[in-house]
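Inspection log for the structure reproduced underneath, given as structure tokens.
Protein chains in written order, with the working numbering: chain A, 1 to 284; chain B, 1 to 76; chain C, 1 to 291; chain D, 1 to 495.
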């Protein structure tokens with residue numbers, strides 16, 4: 001009896017101890033980023049302390065009031081949101097097809113889809129550049145430096161992931177529900193949007209979130225396939241590494257601003273994550 | 001979705017893979033056998049170039065791989 | 001029962017997009033990999049060389065070193081992330097006060113851009129104003145200089161990746177654990193099995209599909225890591241953290257050795273596909289045994 | 001319940017993205033300023049712009065995000081648009097990204113960029129590939145577009161870097177600076193320190209003129225920092241172990257002062273190693289690398305993580321007593337209290353050199369340091385070459401130079417040195433501009449190699465390994481020279 005109580009107490013201490021350590025480890029780098037963003041350049045090399053002694057506002061004010069930077073932020077929002085929407089919808093359609101029809105070679109298509117994500121990206125910058133500037137060219141308009149170009153490109157990374165996530169979840173929705181709806185006279189589209197979609201909503205949510213985060217964060221292609229109009233916030237981050245002294249303070253400020261939207265987003269959809277992230281490993 | 005947490009569920013692989021059974025240790029369909037052949041051909045070519053090309057030219061390995069591929073596609 | 005046409009119609013947009021932005025560039029890279037093409041060499045334009053690029057590759061020490069280094073990195077990080085993630089996920093299955101708060105804070109790194117993660121860790125570790133070298137020196141008398149000591153750099157990069165991606169592993173495993181049927185576990189406990197036995201003979205086998213899936217995803221991404229490491233160490237000191245993604249970047253971008261770089265890229269893609277295909281087959285086998 | 005929430009969330013997001021798309025259309029970047037010349041008589045610029053049919057045209061360029069480039073993007077582009085009606089979109093981005101984009105564009109001939117920043121060291125690669133338009137020729141072919149205010153002869157000798165063998169010019173210089181020796185006036189002029197130094201080394205403390213003196217001063221201040229519990233070290237070292245900047249510091253600033261020029265490559269037979277007639281692993285080069293790597297012991301701990309940016313930052317933070325620092329930083333380190341702790345305490349001098357190097361430099365056989373800079377070039381693939389020609393002449397006018405020099409510590413024209421505004425700053429930075437004017441010819445840019453970056457990529461890992469201690473300096477240079485020889489053959493040189 002006594003030893004069991006002791007074990008229980010030890011268990012609690014262990015549990016909270018573990019989590020305290022994990023939280024501290026998680027927080028420290030982010031906290032440090034905020035500390036740096038609150039310091040002026042001349043204070044940076046003072047003896048490190050973990051305290052925020054004063055707040056050097058220009059680090060934030062300068063980028064935030066810069067119209068170029070605002071445009072980057074808006075571009076990022078548009079690209080991430082549109083890409084996530086596109087990916088979610090396409091993945092839902094594709095996985096519905098994969099799960100409801102016996103398409104010849106379906107599982108091979110499934111694997112092929114995933115391999116799209118595996119290539120080391122550097123080699124693909126030049127071909128993408130050529131495709132966007134040469135192939136997708138209507139008069140003076142090219143896909144280069146457009147938001148649409150990036151929205152489409154990020155599908156390469158997000159769609160495989162999304163299809164994988166959604167496939168199993170789709171499989172988990174009993175086909176009898178479809179049949180019942182058909183019997184009631186619904187057409188296929190109604191079945192998909194009214195019967196199936198609500199049931200796979202957690203999966204859609206998590207697909208949307210992960211796609212959104214990825215599109216928001218991508219750097220290499222955003223840097224090389226845009227020039228002025230469609231640049232995103234991550235390329236803005238890299239630009240702070242300049243010749244006259246890396247502007248650590250401003251860079252940290254921009255990085256802080258850049259994680260805020262994703263953060264807010266994440267807090268909102270926290271609860272769907274755990275139900276949605278099973279990669280379809282749950283089946284009834 | 002609420003009832004998805006019911007007692008009847010189980011954890012399964014999110015992928016399924018159907019095909020026939022040949023001498024290969026797994027069930028394979030036609031595409032798989034082509035895929036395996038190509039993968040083996042590339043892999044053997046790499047190894048050949050590294051270790052054997054000093055003695056035997058590369059086309060020897062290509063011929064060997066072609067034969068292997070036919071066997072796999074037919075009987076795998 | 002239904003015609004396949006509607007099914008294909010639903011699948012087409014996905015396939016078309018992937019073909020355009022995924023497969024088309026791949027074909028181009030494949031094409032270029034058979035040429036000697038470096039705009040800054042003495043011989044301008046593209047010159048057909050057959051498989052010479054690959055022939056050079058299998059003897060290229062720097063490339064093979066970097067491949068090996070990447071493998072070591074991917075193996076280490078995935079192992080640590082899996083172990084730590086499993087432990088944390090198990091603590092999160094049962095409700096306890098503060099669970100939601102912990103979980104919410106804990107997934108923060110997940111939303112950060114890789115490039116921002118690299119920058120943040122650089123801020124942490126740069127001698128002069130970063131706290132890590134300062135406190136390590138003050139408390140433990142350790143000379144921490146990422147850009148001088150290869151081992152420290154490698155370990156820091158691993159720590160950074162673990163910090164960044166363990167939350168994802170934890171959440172996925174948690175989703176699996178939450179969805180796992182409870183009766184067999186309870187039954188086993190009634191039958192007198194101890195915790196370890198339950199874990200070893202019930203939890204692990206039941207979680208196998210989820211575990212393999214997580215390994216697959218993490219492995220795939222760890223093998224092509226670039227942004228974080230580039231921002232933190234740019235591959236240094238020397239070549240201690242020059243992973244394959246960075247190596248390829250250097251060959252293609254500053255060296256503009258397009259042909260050779262494309263060949264390199266394809267070889268890496270080949271290894272990744274083979275590895276992932278094996279995992280995929282394993283996954284399918286697990287699925288079959290279950291039925 | 002669940003379904004309802006999800007629907008709401010998605011609709012909000014769709015709405016949000018739509019609103020945001022509307023925003024970008026409604027609010028484009030800075031509104032064009034009202035054309036200044038509209039009310040009065042048309043200026044030469046507007047007439048020329050109209051003649052070439054360029055009004056309303058947008059030209060695009062890419063450049064490194066340096067103060068001079070940003071000045072061009074923010075100030076010059078706006079006034080140019082007001083004068084001519086030509087909109088200039090200048091993309092200022094990081095060094096690596098700039099190269100990728102410019103090279104991709106010119107290689108593919110897509111014509112996205114109408115002008116590109118060409119650094120002095122990469123021009124030979126561009127010329128070898130016929131990426132650039134011959135500006136001399138273009139001006140001669142279009143005399144009606146040649147501005148009376150523009151003349152290649154007004155530039156300093158730096159423009160010679162952008163000429164081909166026939167003297168045709170391919171770039172309009174927009175920035176140029178020296179990599180100079182900076183030291184701390186407050187430390188060097190402190191009587192107590194001077195006394196202590198003399199007591200220890202037997203000669204007066206002054207900016208180093210030999211490597212031994214440099215080493216002594218570095219040792220002295222490192223010890224001084226330790227003794228007084230200060231965050232002070234003897235020297236900076238641009239010794240990043242994963243970035244090209246360390247390669248550049250060694251081969252362009254350190255090795256020449258030991259008499260090893262042009263990266264130690266024999267330009268007659270394109271060989272680097274001593275066995276084949278090069279100098280990359282000569283005794284002088286090994287001595288230079290040993291000296292430089294040895295300086296790490298006297299450098300702040302961040303030295304092995306420092307690129308050109310962080311070296312300037314370390315010096316500005318007062319963490320080093322002396323060092324080789326790019327001149328573009330001299331002005332802000334010496335004058336901007338927002339960013340620098342050593343305002344007013346920056347001394348500028350010529351770097352220390354080995355015996356015989358000065359004679360080489362004066363005769364033109366060698367040089368004592370790096371003369372860096374860049375120009376705007378016009379890619380052959382440009383879709384608006386004539387409009388771009390106007391822009392290039394605009395940034396190459398004498399009248400815009402002085403303010404530009406203040407904003408970016410760069411000088412490309414002889415006349416700029418005499419401007420009162422520049423002379424005022426000159427006094428504050430201990431005569432940096434005067435030094436540049438008088439001693440500029442002793443410095444030189446990168447050697448005219450068309451394989452510049454390819455070879456750098458091969459050699460730099462050995463320099464990094466020497467810096468991290470993985471290889472000794474002698475081993476590093478022996479291996480580097482062997483690798484360089486192999487790569488040069490691979491690139492088609494010196495078969």
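For every residue, glycine included, the Cβ atom is placed at its ideal position computed from N, Cα and C. Please read these numbers as outputs of a predicted model, since none were measured by experiment.
Chain-ordered chain B contacts of residue i [CB-CB under 8 Å]
i                     : result
residue 90 of chain C : Those do not exist, as residue 90 of chain C stays about 15 Å from chain B at its closest Cβ, beyond 8 Å.
residue 11 of chain A : Those do not exist, as residue 11 of chain A stays about 25 Å from chain B at its closest Cβ, beyond 8 Å.
According to DSSP, residues forming a beta bridge with residue i
i                      : result
residue 142 of chain A : A:137
residue 322 of chain D : D:183
residue 173 of chain D : D:375
residue 444 of chain D : D:370
Chain-ordered chain C contacts of residue i [CB-CB under 7 Å]
i                      : result
residue 464 of chain D : 236, 237, 238
residue 214 of chain D : In chain order: nothing, as chain C lies at least about 22 Å away.
residue 72 of chain B  : Here the premise fails: no neighbours, minimum Cβ distance about 15 Å.
residue 156 of chain A : 18, 21, 22
Chain-ordered neighbours of residue i on chain C, where CB pairs are closer than 9 Å
i                      : result
residue 129 of chain D : 39, 40, 44
Partner residues on chain D for residue i, Cβ-Cβ distance less than 7 Å
i                      : result
residue 186 of chain A : Near residue 186 of chain A there are no residues of chain D at all, since even the closest Cβ is about 16 Å away, more than 7 Å.
residue 126 of chain C : 302, 305
residue 223 of chain A : 97
residue 145 of chain C : 301, 304
Proximal residues of chain A, C-beta to C-beta of residue i below 8 Å
i                      : result
residue 319 of chain D : 45
residue 410 of chain D : None at all; the shortest Cβ gap to chain A is about 11 Å.
Within chain D, partners of residue i - CB distance below 8 Å
i                      : result
residue 224 of chain C : Near residue 224 of chain C there are no residues of chain D at all, since even the closest Cβ is about 18 Å away, more than 8 Å.
residue 133 of chain C : 301
CB contact flag (residue i, residue j, <8 Å)
i                      : j                      : result
residue 410 of chain D : residue 177 of chain D : yes
residue 35 of chain A  : residue 52 of chain A  : yes
residue 494 of chain D : residue 270 of chain D : yes
residue 226 of chain A : residue 145 of chain A : yes
residue 388 of chain D : residue 197 of chain D : no
residue 343 of chain D : residue 334 of chain D : yes
residue 368 of chain D : residue 256 of chain D : yes
Terminal residues of the beta strand (DSSP E) in which residue i lies
i                      : result
residue 70 of chain C  : From DSSP, residue 70 of chain C is part of no beta strand (DSSP E) but of the alpha helix (DSSP H) over 61-93.
residue 116 of chain D : 115-119
Run of the alpha helix (DSSP H) containing residue i, from where it starts to where it stops
i                      : result
residue 60 of chain D  : Residue 60 of chain D -> not in any alpha helix (DSSP H); beta strand (DSSP E) instead, spanning 58-64.
residue 458 of chain D : 452-468
residue 60 of chain A  : 58-65
Amino acids of chain A, ordered along the chain, whose beta-carbon sits closer than 9 Å to that of residue i
i                     : result
residue 55 of chain B : Chain A residues near residue 55 of chain B: none, gap ~32 Å exceeds 9 Å.
Proximal residues of chain B, C-beta to C-beta of residue i below 7 Å
i                     : result
residue 58 of chain C : 46, 49, 50
Closer than 9 Å at the beta carbon, the chain D residues around residue i
i                      : result
residue 282 of chain C : Ordered by position in chain D, no residue passes the 9 Å Cβ test against residue 282 of chain C, which lies about 34 Å from the chain.
Contact list for residue i against chain C, beta-carbon separation under 8 Å
i                      : result
residue 453 of chain D : 40, 254, 255, 256
Residue i: contacting residues in chain A (beta-carbon distance under 7 Å)
i                     : result
residue 31 of chain B : 105, 108
Is the segment 229-241 of chain D touching the segment 406-419 of chain D in the sense that three or more CB pairs, one from each, lie closer than 8 Å?
-> no
Are at least three pairs of beta-carbons, each pair with one atom in the segment 153-171 of chain A and one in the segment 108-128 of chain A, less than 8 Å apart?
-> yes
Touch check for the segment 154-172 of chain C and the segment 63-74 of chain A: three-plus C-beta pairs under 8 Å?
-> no
Can we say the segment 111-118 of chain C touches the segment 222-240 of chain C, given the rule of at least three CB pairs closer than 8 Å?
-> yes
Quick check: the segment 32-47 of chain B against the segment 61-68 of chain B, are there 3 or more CB pairs under 8 Å?
-> yes
Inspect the CB distances between the segment 276-287 of chain D and the segment 176-193 of chain D and report whether three or more fall short of 8 Å.
-> no
Looking at C-beta atoms only, is the number of pairs between the segment 473-485 of chain D and the segment 238-248 of chain C that lie closer than 8 Å three or more?
-> no
Three CB pairs or more closer than 8 Å across the segment 27-44 of chain C and the segment 112-131 of chain D | yes
How do the segment 441-457 of chain D and the segment 217-227 of chain C stand: do at least 3 beta-carbon pairs fall below 8 Å, yes or no?
-> no
Three-pair Cβ contact test at 8 Å for the segment 213-223 of chain C versus the segment 272-285 of chain C = yes
Interface residues of the segment 51-76 of chain C facing chain G [CB-CB below 7 Å] | This model lacks chain G altogether, as its protein chains are A, B, C and D.
Would the segment 228-243 of chain A and the segment 81-98 of chain D be scored as touching if the rule is three or more Cβ pairs under 8 Å?
-> yes
Taking three-plus beta-carbon pairs below 8 Å as touching, is the segment 287-298 of chain D in contact with the segment 308-315 of chain D?
-> no
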